[in-house]
Amino acid sequence: MAVAEAAPALLKLHIEAGPQAGKQLEKRGASLRVGRTAKSPLYIKDPSISEAHAELAWRDGGWHVRDLGSTNGTAVNGKSVEGEPSPWQPLKHGDQLRFGTDTVARVEIVAAPGEALTVEEFVVGECAQLEQAIRARAEQLSNQLRAEWAEQKQTLLMS
1 MAVAEAAPAL LKLHIEAGPQ AGKQLEKRGA SLRVGRTAKS PLYIKDPSIS
51 EAHAELAWRD GGWHVRDLGS TNGTAVNGKS VEGEPSPWQP LKHGDQLRFG
101 TDTVARVEIV AAPGEALTVE EFVVGECAQL EQAIRARAEQ LSNQLRAEWA
151 EQKQTLLMS
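So that you can map any letter, position 148 of the sequence shown is 148 in the UniProt record's numbering, and since no number is skipped, the others follow by simple counting.
What follows is the structure, given as structure tokens:
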């Protein structure tokens with residue numbers, strides 16, 4: 001007997017930088033295209049984003065992203081996603097996506113509770129998401145502190 005694919009988790013993108021900073025995009029579906037036109041399911045008004053820029057899809061029980069041969073590229077946590085189209089890259093809660101040159105979005109994945117989910121399974125899943133969010137924030141703060149330290153060190157060396 002084949003195992004049914006779990007329902008896609010809700011995908012939220014919190015735009016942190018770029019022309020639409022502060023905006024939140026929230027979508028359900030198994031496949032979503034990112035683009036700069038209103039025809040795109042994930043429409044981001046940014047001239048550095050291509051009309052058909054990237055695709056987000058629910059695959060193998062998780063969200064993935066690939067670039068569709070955009071002009072200014074896509075990156076996950078600072079690592080470029082390349083190809084035309086690029087290979088699928090898995091996403092996790094707290095990842096940072098860059099579309100084009102200016103738009104940066106933080107990924108939030110909200111699990112879709114199934115009917116057979118026990119309270120324990122739900123709590124364990126929520127804890128895992130919280131842990132991922134904490135780790136992502138800690139990494140972000142660590143990188144920020146490293147950059148500040150390098151800048152201060154350079155200033156002291158030049159004095």
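Think of the CB as a built atom: it goes at the ideal place given N, C-alpha and C, for glycine as much as any other residue.
None of these values were measured; they are calculated from a predicted model.
Proximity test, residue i beta-carbon vs the ligand SAH heavy atom, cut-off 6 Å
i   : result
Q20 : No copy of the ligand SAH occurs in the structure displayed, which carries no ligand at all.
Opening and closing residue of the beta strand (DSSP E) in which residue i lies
i           : result
G35         : 31-35
L10         : 10-17
residue 173 : Shown here, the chain extends from 1 to 159; a query on residue 173 therefore has no answer.
A57         : 54-59
E26         : 24-27
T74         : 74-76
C-alpha distance - residue i paired with residue j, whole-angstrom precision
i    : j    : result
K45  : G73  : 16 Å
A150 : E120 : 45 Å
G62  : R146 : 31 Å
E108 : Q20  : 17 Å
Q96  : T155 : 29 Å
K23  : A9   : 20 Å
L91  : A75  : 11 Å
Q152 : S159 : 11 Å
A2   : N143 : In this prediction, A2 scores a pLDDT of 41, lower than 50, which makes its location untrustworthy; the coordinate-derived value is nonetheless stated afterwards. So the alpha carbons of these two residues sit roughly 44 Å apart.
Cβ-based neighbour list, residue i, same chain, cut-off 8 Å, excluding 5 preceding and 5 following
i   : result
R59 : W88
I49 : V34, G35, R36, S70, N72, F99, G100, T103
L42 : L13, L25, K27, L32, R33, V34, G35, L56
I15 : A21, G22, K23, Q24, L25, I44, T103, V104, A105
Spatial neighbours of residue i in its chain, beta-carbon cut-off 6 Å, leaving aside the 5 residues before and after
i    : result
A57  : S31, H64
A136 : G94
A17  : V104
Spatial neighbours of residue i in its chain, beta-carbon cut-off 7 Å, leaving aside the 5 residues before and after
i    : result
V110 : A9, L10, K12
E51  : G35, R36, T37
A54  : V34, V65, R66, D67, L68, S70, T74, F99
S80  : G73
A133 : H93, G94
Pairs of beta-carbons, one from the segment 30-50 and one from the segment 77-84, closer than 8 Å: are there three or more? no
If you scan the segment 78-158 from start to end, which runs of the beta strand (DSSP E) of 3 or more residues do you find wholly inside it? 79-81, 96-99, 103-110
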